[in-house]
Amino acid sequence: MKKFGLFTMLLLLMLTSCQDDECKTSKEVFQYDPVYKTLEEIEKPEIKVDISRAIKNPGKVYYIGNTLFVSEIGEGVHIIDNTDKSNPVPLSFLEIPGNIDVSFRGNSLIADSYFNILFIDISDLDNPVVTSSINDIKKQYYHFDKEKEAYIVDYTLSKVHRDLPCNHPFFSNPNRYYYDDVSVYSNVKDGNVFNDVFTEGGFSPNTSGGSPGVAGSNSSFALVGDYFYFIHRSEVEVYNITDVDSPIFSHGFTVDWNIETLFPYEDKLFIGGRTGMYIYDNSDPSEPVYLSEFNHARACDPVFVVGKTAYVTLSSGTRCQNFNNQLDVIDISNILAPVLIESYPMYRPKGLSIYDNTLFLCDDKAGLKIFDVSDNTMIKENKLSAIKGHTFIEVIHTSPTEIMVIGPDGIFQYDVSDNSNPKLLSQMNIED
Amino acid sequence: MKNLIIICLLFWGVNANGQDDSELRSGTSIKHLNIVQVKGLFGSIKTGIELDYKALYAVSSKFYLGWGVGVGSYDASARKMFVPITGELMGDLLEGKIVPFYSIGIGYGIGLPEEKQFAESSPGGVRFDAGFGIRAKGTEAQPYFKVGYNRQYASYPGVDDYGNVDKNVIYKRWTIVLGVIF
């Protein structure tokens with residue numbers, strides 16, 4: 001009986017300490033490992049000229065005179081002689097660590113470098129000199145690692161196998177990411193995953209507009225007269241750069257969270273945000289004044305304005321968190337009360353440019369679409385032509401009859417003197 | 001469930017033959033043990049069940065070696081079903097009419113294809129079980145009761161929207177077994 005009691009106790013002990021099944025899932029995921037830079041390395045970047053190199057990961061494009069500046073994301077700027085558009089000649093590569101965005105004033109290249117904006121005198125291309133800078137403007141986007149006493153400025157991407165418990169939240173939310181003490185892991189190859197984790201909301205500055213040169217519609221830099229504008233979180237900051245060697249803070253104004261693009265047009269400043277387009281009176285460029293706004297679904301939204309009409313493309317994507325892909329045409333004849341004229345569904349519209357009633361619209365994998373926009377209510381019906389077979393993100397006019405189209409496949413130039421039949425002039429491929 | 005019924009019928013057939021054998025051997029000392037048992041598989045969340053047949057041969061009066069086959073599910077449904085095929089070792093710890101005994105089984109659990117509505121199916125994996133129990137001796141049909149531990153390894157190859165996803169599971173269960181030796 002004693003033995004039976006002992007046995008029963010043992011049995012109860014076993015059953016009350018029931019075992020959990022063990023379940024692990026092995027999966028191939030993208031691993032993002034941070035790259036660190038100390039504050040000193042960021043504040044005193046080594047700017048130097050190197051021989052031209054292959055374009056691998058183009059960011060922003062800026063065109064002035066016959067020179068093309070193409071940002072190599074995080075590394076610097078390709079300088080290309082585009083005098084002969086059918087045969088652009090790479091001249092050199094200007095190394096600017098942490099660069100994404102570029103603009104130009106006088107002899108100064110305006111370029112961001114991590115969280116600073118540098119004014120680089122390139123009158124002697126062999127000896128670029130940083131003449132001044134606006135510091136710490138995007139510092140809050142960078143995560144500071146207290147242990148390493150350094151900022152995370154980039155990441156390296158690799159594909160790895162990871163073993164995780166089957167009930168790990170990563171598997172029930174496959175579009176999400178997870179991270180440990182060292183790396184970020186994601187199902188998708190999307191740098192914004194890394195930004196979401198290590199920064200406050202992502203970092204996506206864009207090209208400039210409204211300056212002597214030509215940039216695209218995805219602008220977070222803008223030049224109006226002697227004033228330089230850039231987006232800083234929910235604010236637009238205005239600097240007087242009459243003397244580029246000594247930029248002076250002029251004004252800053254809050255617009256909305258997640259504003260992304262600046263488009264100065266005549267005496268107005270159009271600001272594209274993920275939830276709307278904001279219109280400011282810019283007759284005094286030192287101090288823009290709010291006029292009105294036009295709200296739309298959450299999306300990425302380059303803006304282009306011609307006459308009394310604003311053209312806004314809304315596109316989906318991980319960063320944009322939108323399910324609408326469309327071109328919105330907005331009547332701004334009453335600038336205080338913009339009104340939607342028409343929405344046109346598109347594949348995934350991105351950058352756009354308009355010249356002489358002709359709209360050139362990059363529609364991602366659907367290519368470049370060309371429309372006659374003389375009647376804004378009949379744009380879809382008035383499609384003139386399309387360039388297919390490539391993914392296009394941004395388009396700029398390099399002359400009234402020539403365009404440059406940029407995408408992950410390369411930089412393409414077309415003669416569009418006949419909009420119905422664009423002719424390829426040149427193609428600069430992007431190295432894998 | 002169809003698989004379960006088929007294997008139960010198979011047990012019935014094997015069991016019937018086993019009885020014939022044991023009758024031939026009954027009388028003096030038992031050289032050949034036929035065993036049928038029902039095993040409860042208790043986990044912290046899910047409970048499963050397994051039916052087994054074992055054929056053991058006496059190496060000595062206290063020590064038996066043999067093989068086993070069965071069918072079971074680790075969540076008592078048509079999912080996660082395995083057919084264990086094992087090498088078996090069993091031995092009595094004492095002499096008497098009611099004796100304690102031990103048993104160990106090591107082998108492979110073959111995963112059964114799951115019903116169509118379930119995407120996952122495992123080819124199976126290594127398994128083992130061990131336990132202690134008591135059994136009545138001296139009668140032709142000897143009932144026994146046993147508690148123990150059962151471990152089954154299984155892998156579930158799969159694909160999601162982003163590529164291959166291999167799920168590796170170890171079913172770790174305490175067991176309570178009721179059976180008959182004849």
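Top line first, the protein sequences correspond to chains A and B.
The opening position of the first sequence corresponds to residue 1 in the numbering used here, with each subsequent residue numbered one higher.
The opening position of the second sequence corresponds to residue 1 in the numbering used here, with each subsequent residue numbered one higher.
The beta carbon of each residue, even a glycine, is placed where N, CA and C say it ideally should be.
Note that the coordinates shown come from a computational prediction; the quantities given were computed from them, not determined experimentally.
Quiz item: With distances taken from CA atoms, which of A:G410, A:K423 and A:L384 is nearest T401 of chain A?
Solution: Your numbering for residue 401 of chain A matches position 401 in the first sequence. Measuring from the Cα of T401 of chain A, the nearest candidate turns out to be A:K423.
Practice problem: Check whether the Cβ atoms of E88 of chain B and G66 of chain B sit closer than 8 Å, and answer yes or no. | Solution: Here residue 88 of chain B refers to the residue found at position 88 when the second sequence is read from its first residue. Here residue 66 of chain B refers to the residue found at position 66 when the second sequence is read from its first residue. Cβ atoms of E88 of chain B and G66 of chain B: closer than 8 Å.
Practice problem: Could you tell me whether the Cβ of N167 of chain A comes closer than 8 Å to any Cβ of chain B? | Solution: On the first sequence, position 167 is the one that residue 167 of chain A refers to. Output row for N167 of chain A: interface = no.
Quiz item: Roughly how many whole angstroms lie between the Cα atoms of D21 of chain B and L178 of chain B?
Solution: Working through the second sequence from its first residue, we reach residue 21 of chain B at position 21. Working through the second sequence from its first residue, we reach residue 178 of chain B at position 178. Confidence is the limiting factor: at D21 of chain B the pLDDT is only 37, short of 50, which leaves the residue's position unreliable and the question unanswerable from this model.
Exercise. Determine which residues of the segment 42-70 of chain B have a Cβ less than 7 Å from any Cβ of chain A, and write them out in chain order.
Key: F42, G43 and S44
Quiz item: Does any C-beta atom of chain A lie closer than 8 Å to the C-beta of I110 of chain B?
Solution: Counted from its first residue, the second sequence places residue 110 of chain B at position 110. Closer than 8 Å: no.
Quiz item: Taking C-alpha atoms, which residue in A:N376, A:I393, A:L368 and A:S374 lies nearest to A386 of chain A?
Solution: As a first step, residue 386 of chain A is located in the first sequence; it is residue number 386 there, counting from the start. Minimum Cα distance to A386 of chain A is reached at A:L368.
Practice problem: Determine whether the Cβ of I98 of chain B lies closer than 8 Å to any Cβ atom of chain A. | Solution: To locate residue 98 of chain B, count along the second sequence from 1; it is residue 98. Under the 8 Å criterion on CB atoms, I98 of chain B is classed as non-interfacial with respect to chain A.
Exercise. Please name the residues in the segment 16-38 of chain A whose beta-carbon is closer than 7 Å to at least one beta-carbon of chain B, in chain order.
Key: C18, Q19, D20, D21, E22, C23, K24, T25, S26, K27 and E28: these are the residues of the segment 16-38 of chain A whose beta carbon lies less than 7 Å from some beta carbon of chain B, given in chain order.
Quiz item: Shortest alpha-carbon distance to K146 of chain A belongs to which of A:K37, A:P247 and A:L125?
Solution: Translated into the one-based positions of the first sequence, residue 146 of chain A becomes position 146. If you compare the alpha carbons of A:K37, A:P247 and A:L125 with that of K146 of chain A, the shortest gap goes to A:K37.
Quiz item: If we call anything under 8 Å between Cβ atoms a contact, is F144 of chain A one with Y155 of chain A?
Solution: Here the question's residue 144 of chain A lines up with position 144 in the first sequence. Here the question's residue 155 of chain A lines up with position 155 in the first sequence. No, the pair does not count as a contact, with Cβ atoms beyond the cut-off.
Quiz item: So E260 of chain A packs on G276 of chain A, CB below 8 Å; how close in whole Å?
Solution: The residue you call residue 260 of chain A lines up with position 260 of the first sequence. The residue you call residue 276 of chain A lines up with position 276 of the first sequence. Not confirmed; about 11 Å, so no contact.
Quiz prompt | Per-residue contacts from I170 of chain B into chain A (C-beta, under 7 Å) | solution = For the purposes of this step, residue 170 of chain B is identified with residue 170 of the second sequence, where counting begins at 1. Near I170 of chain B (Cβ distances below 7 Å), the residues of chain A are D21 and E22.
Practice problem: Using alpha carbons as the reference points, say which of A:K308, A:V339 and A:V303 lies closest to P349 of chain A. | Solution: In the first sequence, counting from the first residue as 1, residue 349 of chain A sits at position 349. Of the listed residues, the one whose Cα sits closest to P349 of chain A is A:V303.
Practice problem: Measure the C-alpha to C-alpha separation of D284 of chain A and H161 of chain A and round it to an integer number of angstroms. | Solution: Locating residue 284 of chain A in the first sequence gives position 284, counting from the first residue. Locating residue 161 of chain A in the first sequence gives position 161, counting from the first residue. Computed Cα separation, rounded: 57 Å.
Quiz prompt | In DSSP terms, what Y163 of chain A is bridged to | solution = What you label residue 163 of chain A is simply residue 163 of the first sequence in a count that begins at 1. The sequence as given places Asp at residue 163 of chain A; Tyr does not occur at that position. Note: D163 of chain A sits in a beta bridge opposite A:S26.
Practice problem: Determine the extent of the beta strand (DSSP E) in which E237 of chain A is found, giving its start and end residues. | Solution: Here residue 237 of chain A corresponds to residue number 237 of the first sequence, with the count starting at 1. Element bounds for E237 of chain A: E235 to N240.
Self-check item: Exposed unless 16 or more other CB atoms sit within 10 angstroms - verdict on I248 of chain A
Solution: Taking the first residue of the first sequence as position 1, residue 248 of chain A is located at position 248. Exposed is the call here.
Quiz item: Which full runs of the beta strand (DSSP E) of 3+ residues lie inside the segment 260-329 of chain A, going along the chain?
Solution: Fully enclosed beta strand (DSSP E) runs of 3 or longer: 268-273, 276-281, 289-295, 303-306 and 309-314.
Quiz item: Is the distance from the Cβ of K139 of chain A to the Cβ of I100 of chain A below 8 Å?
Solution: The residue given as residue 139 of chain A occupies position 139 in the first sequence. The residue given as residue 100 of chain A occupies position 100 in the first sequence. In this structure, I100 of chain A does not lie closer than 8 Å to K139 of chain A by Cβ.
Quiz item: Is K44 of chain A helix, strand or coil by DSSP?
Solution: Counting from one through the first sequence, the residue named residue 44 of chain A turns up at place 44. Reduced to three states, the DSSP call for K44 of chain A is coil.
Quiz prompt | Chain-order list of residues whose beta-carbon lies under 6 Å from that of R53 of chain A (same chain, five-residue window excluded) | solution = Indexing the first sequence from 1 puts residue 53 of chain A at position 53. Same-chain partners within the cutoff: F93.
Practice problem: Could you check what DSSP says for F171 of chain A in three-state terms: helix, strand or coil? | Solution: As a working mapping, residue 171 of chain A is identified with position 171 in the first sequence. Reduced to three states, the DSSP call for F171 of chain A is helix.
Exercise. Select from A:N419, A:S374 and A:I411 the residue whose C-alpha is nearest the C-alpha of I55 of chain A.
Key: Position 55 of the first sequence, counted from the first residue, corresponds to residue 55 of chain A. Proximity to I55 of chain A across A:N419, A:S374 and A:I411 peaks at A:I411, based on C-alpha coordinates.
Quiz item: Can you name the residues that DSSP bridges to V77 of chain A?
Solution: Walking along the first sequence from the start, residue 77 of chain A turns up at place 77. Note: V77 of chain A sits in a beta bridge opposite A:S71 and A:L94.
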